[in-house]
Amino acid sequence: MNKKILAGPYLVWMIGFVIIPLALIVYYGLTDRSGAFTMANVLSITKPEHIKALMLSLALSFISTVICLLLAFPLSMILRNRGMGKGSFIVFLFILPMWMNFLLRTLAWQTLLEKNGVINGILTALGLPRQNLINTPGAIVLGMVYNFLPFMVLPIYNVLCKIDDNTVNAARDLGAGFWQTLIHIWIPLSLPGIISGITMVFVPALTTFVISNLLGGSKILLIGNVIEQEFMKSSNWNLGSGLSLVLMVFILISMALIAKYDKNGEGSTF
Amino acid sequence: MTRLKRNFKRIWQDFYLVIIMLFLYAPIATMIVLSFNNSKSRSQWGGFTLEWYSQMFASRNIVSALQNTLAIAFLSALIATILGTAAAVAINSMKRVPRTVLIGLGNIPMLNAEIVTGISMMLTFIAFGVTMGFKTILIGHITFNLPYVLLSVMPKLKQTSKYTYEAALDLGASPLRAFFKVVFPDILPGVLSGFLLSFTMSLDDFIITHFTKGAGVNTLSTLIYSEVRRGIKPSMYALSTVIFVSVLILLFISNLSPKKQEKN
């Protein structure tokens, strides 16, 4: 009995700084400035400029997630098949960037891509024409893939490590080729990790405002930028909260996906 | 498979690993090189210099942001570790339903988008009339650190046997003494890695800080953000290098220390 009191401070803290804040977003999102109930904030997502930002966010984060998956799966397969243990230095190197300040990682790409940046400097030195690299949707996708790739690698790698070699060998003995083993063994068995990786990449990519701000310039607005501006510039909290509620629907969908495919927490990153 | 074919496959795989490694580290390496470059141009090497580093340490803004960052990282990690460890001990002795509820509560800030967590806290502080500044950043960081402490300590607690604790009680130790003499040494690696994880997370955070900081208070991340929008100065590269190297060292410590203890 005595011991359970120890969870008290934690419980109070989480209610005070997680539950109440989320309740406030719901409250602000569903009321207008005078405090009367309205759906206008949530429905303002259908305004052309908002729907455009949302669609662009969905498109860019979808593309980034697919690229991350296509890069991370073979990488994790190679790392696993080389029998590199979990604590191995090489694996550590691929996961390390995950813990590096993502603002700095984005800044690094800004340095490379800018008009007077490193890549254009090298092109000029080689006598080639300068390229317009920054402030394009492509630059944003690049920034997203770069920032979130380790979040895809780690869960997939963790799941792949748990697959028994005997299962794979059995498939081979029964005459399955490389592609058949991939489709019938590797992919189904690593599904929890893949789903976990997809959400770990998709949610932050969908909601980012930093990457689009630094690599997309002021002309390309993602839904994260719209929300950030409503709070920090226009001070229209009701509208910002309403749009956040829309965003949370997508987050809830991806959490439900995780819960469905990853019941035992096999694909968890930490 | 013929030997040639196997060799070819191995070379192809090595090539792939190297390409991804380059993709991950080349941008960081570029920034580190530029921090020592004695030329404002980003594509010409003008010789080695430490000028950007001395400029960085001469800037009052940067030094005060550094102090804030370290103070917030240390305090938030410390408080989160104490609250989180206490909660983990309590949760470990609970039945399934309250346990799931309490752990689920911690999962919310971990799974939610950071921008939503950030603005929800900002709304709360403003709604309750709290002036935003150092304190509110600290509160924000403790909140997102708590679940990571839980995650680090809970597995260690599961490994401990409750009988040793009960034996200590039977032998006349007070619960507190029994905890610190018997249970705590067993879970210490988890507590330490929770602390280091929290410290790193806090050092790294930008989004939550962006929304919970008041005017005039900066951490390194928010300072870099506001500076970068005005154009990148070479002293920012020096600062980035310092941050990268510190995080690298911290990660090495936190990744290597628990494993050593497990082997023992």
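Protein sequence lines correspond, in order, to chains A and B. With the first sequence counted from 1, adding 49 to any position gets you our numbering. With the second sequence counted from 1, adding 766 to any position gets you our numbering. Positions of the beta carbon are idealized from the N, C-alpha and C atoms, including for glycine.
How many angstroms separate the CA atom of Lys96(A) from the CA atom of Phe774(B)?
Taking the first sequence and counting its residues from 1, one reaches residue 96(A) at position 47. Taking the second sequence and counting its residues from 1, one reaches residue 774(B) at position 8. Taking the straight line joining both Cα atoms gives about 55 Å.
Any idea which residues DSSP pairs Phe86(A) with across the strands?
Residue mapping note: residue 86(A) aligns to position 37 of the first sequence, counting from 1. Phe86(A) is bridged to Thr80(A).
Using beta carbons (cut-off 7 Å, strictly below), is Ser230(A) in contact with chain B?
Here residue 230(A) corresponds to residue number 181 of the first sequence, with the count starting at 1. Residue identity check: residue 230(A) is Thr in the sequence provided, not Ser. Judged by the 7 Å Cβ criterion, Thr230(A) is not in contact with chain B.
Under 8 Å Cβ to Cβ from Glu990(B), same chain only, skipping five residues before and after it: list those, please.
Looking up residue 990(B) in the second sequence gives position 224. One point to set straight first is that residue 990(B) is Ile, not Glu, in the sequence displayed. Answer for Ile990(B): Met1002, Leu1005 and Ser1006, listed in chain order.
Rank Leu836(B), Glu817(B) and Gly997(B) by C-alpha distance to the C-alpha of Phe965(B) and give the top, closest one.
Along the second sequence, one-based indexing puts residue 965(B) at 199. Minimum Cα distance to Phe965(B) is reached at Leu836(B).
Select from Leu209(A), Val75(A) and Ile244(A) the residue whose C-alpha is nearest the C-alpha of Val882(B).
The residue labelled residue 882(B) in the question sits at position 116 within the second sequence. The option with the nearest alpha carbon to Val882(B) is Val75(A).
Can a CB atom of chain B be found closer than 7 Å to the CB of Leu191(A)?
One-based indexing of the first sequence puts residue 191(A) at position 142. By this cut-off, Leu191(A) is not an interface position.
Could you give the distance in angstroms between the alpha-carbon of Met920(B) and the alpha-carbon of Val259(A)?
For the purposes of this step, residue 920(B) is identified with residue 154 of the second sequence, where counting begins at 1. For the purposes of this step, residue 259(A) is identified with residue 210 of the first sequence, where counting begins at 1. Computed Cα separation, rounded: 34 Å.
Which of helix, strand or coil does DSSP assign to Asn207(A)?
As a first step, residue 207(A) is located in the first sequence; it is residue number 158 there, counting from the start. It is helical.
Rounded to whole angstroms, what is the Cα-Cα separation between Phe111(A) and Pro875(B)?
Locating residue 111(A) in the first sequence gives position 62, counting from the first residue. Locating residue 875(B) in the second sequence gives position 109, counting from the first residue. The alpha-carbon atoms of Phe111(A) and Pro875(B) are separated by roughly 23 Å.
Note down the Cα distance separating Leu331(A) from Leu55(A), rounded to an integer number of angstroms.
Past the edges of chain A, shown from 50 to 319, lies residue 331(A), and the structure says nothing about it.
With 7 Å set as the bound, which would you pick, yes or no: does the beta-carbon of Ser825(B) sit closer than that to a beta-carbon of chain A?
For the purposes of this step, residue 825(B) is taken as residue 59 along the second sequence, with counting starting at 1. No, Ser825(B) lies away from the interface with chain A (no Cβ there is under 7 Å from its Cβ).
Is it buried or exposed for His233(A), if we count other Cβ within 10 angstroms and need 16 for buried?
Taking the first sequence and counting its residues from 1, one reaches residue 233(A) at position 184. It counts as exposed.
Measure the alpha-carbon distance for Val867(B) versus Leu288(A) and round it to whole angstroms.
Taking the second sequence and counting its residues from 1, the one referred to as residue 867(B) is at position 101. Taking the first sequence and counting its residues from 1, the one referred to as residue 288(A) is at position 239. Each residue's alpha carbon lies about 31 Å from the other.
Beta-carbon within less than 7 Å of Asn262(A)'s beta-carbon, same chain only, minus the 5 sequence neighbours each way: which residues are those?
Position 213 of the first sequence, counted from the start, is the residue given in the question as residue 262(A). Correct list, in chain order: Asn274.
For Asn878(B), name the three-state secondary structure that DSSP assigns.
On the second sequence, position 112 is the one that residue 878(B) refers to. Three-state DSSP puts Asn878(B) in coil, outside helix and strand.
For Glu277(A), tell me which candidate among Leu816(B), Val983(B) and Met888(B) has the shortest Cα-Cα distance.
Within the first sequence, residue 277(A) is the residue found at index 228, counting from 1. Nearest option by C-alpha distance: Met888(B).
State whether the region 163 to 176 of chain A contacts the region 802 to 819 of chain B, with contact taken as three or more CB pairs (one from each stretch) at a distance under 8 Å.
The region 163 to 176 of chain A vs the region 802 to 819 of chain B: in contact.
Using DSSP with H/G/I as helix, E/B as strand and the rest coil, what is Asn285(A)?
As a first step, residue 285(A) must be located in the first sequence, where it is residue number 236. Coil at Asn285(A), not helix or strand.
Beta-carbon within less than 8 Å of Leu1016(B)'s beta-carbon, same chain only, minus the 5 sequence neighbours each way: which residues are those?
In the second sequence, counting from the first residue as 1, residue 1016(B) sits at position 250. Correct list, in chain order: Leu962, Phe965, Thr966 and Leu969.
Residues in the same chain with beta-carbon distance under 7 Å from Arg117(A), minus the five sequence neighbours each way, listed in chain order, please.
Working through the first sequence from its first residue, we reach residue 117(A) at position 68. Checking the displayed sequence, the identity of residue 117(A) turns out to be Cys instead of Arg. Once the five neighbours on either side are set aside, the close Cβ partners of Cys117(A) are Val194, Phe197, Leu198, Met201 and Val250.
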